[in-house]
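To keep things clear, I will list the structure first and then write my remarks on it.
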Amino acid sequence: MNIALIGYGKMGKTLERMGKERGHAFPLIIDLDNAADLNERKVKTIDVAIEFTQPEAAPANIKRCIDLGVPVVCGTTGWNDQVEEVEIYCLEKKGSMFHASNYSIGVNILFAMNQKLAALMNAFPQYRASMREIHHTAKKDAPSGTAISLAEQIIVENQHINKWKLGKEADEGILPIEAYRQER
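Position one of the sequence shown corresponds to residue 10 (the working numbering), numbered consecutively onward.
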């Protein structure tokens, strides 16, 4: 498979290494200094683009791939406020996009358990939920997309919580998320 990498940071380099080990090719790698290379001529042989950049860049990158007829897998987090707009754009253009805040099987099992626990806890308003996440110092977003996904699941399932907030303290109805970044 010919894969375009959009974003060549830590995750992009890991995806390239793992993909090559599995026999995939990466004829197009887009980073900050060559964004213009994401064009019709350069994507002719591309089967799929994998987008792992920054929240402010992801929506435009995905739309560009859709406009070029390239299916895109996006792992960038922190742009939740624009996801619906990009999904609508994708549908209107008959494009293909797959976005998740975390692709780990274990984390997706956690997502399923989180939904069930949040629904169960709805019957016990005397208990207050809170969240603490710890990531490596290279993690740029805080809270992480995974933490936000977990928080949004809790909000859907628990009528006593209606929003999340970064920090330790929270008022009634607010789920506090503490986000720590530390050396391994």
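The beta carbon of each residue, even a glycine, is placed where N, CA and C say it ideally should be.
| Asked | Found |
| --- | --- |
| The alpha helix (DSSP H) enclosing residue 97, as first and last residue numbers | 89-101 |
| Whole-number beta carbon distance between residue 111 and residue 146, since they are thought to touch under 8 angstroms | The Cβ separation is near 19 angstroms, so there is no contact. |
| Those residues which DSSP pairs with residue 191 across a bridge | 145 |
| Same chain, Cβ closer than 7 angstroms to residue 152, neighbours up to 5 away in sequence not counted | 142, 175, 186 and 188 |
| Residue burial classification, residue 113 (beta-carbon count within 10 angstroms, cutoff 16) | exposed |
| Simplified DSSP state of residue 163, which is helix, strand or coil | helix |
| The region 55-71 / the region 14-26 touching (three or more Cβ pairs under 8 angstroms) | yes |
| Close-in-space but distant-in-sequence residues of the same chain around residue 21 (CB under 6 angstroms, 5 per side omitted) | 14 and 61 |
| Cβ contact check for the region 99-108 and the region 70-90: 3 or more pairs under 8 angstroms | yes |
| Straight-line gap, residue 39 to residue 182 (C-alpha atoms, nearest Å) | 42 angstroms |
| 8 angstroms Cβ shell around residue 160 - same chain, five flanking residues per side excluded | 140, 152, 173, 184 and 186 |
| Complete runs of the alpha helix (DSSP H) confined to the region 11-67 [at least 4 residues] | 19-30 |
| Bridge partner(s) assigned by DSSP for residue 81 | 58 and 106 |
| Identity of the residue in 169, 19 and 44 nearest residue 66 by Cα | 44 |
| For residue 183, three-class secondary structure by DSSP | strand |
| Whether residue 59 touches residue 102 by CB criterion (8 angstroms) | no |
| Simplified DSSP state of residue 72, which is helix, strand or coil | helix |
| Integer-rounded CB distance, given that residue 51 should sit under 8 angstroms from residue 37 | 5 angstroms |
| Pair within 8 angstroms by beta-carbon distance, residue 11 and residue 56 | yes |
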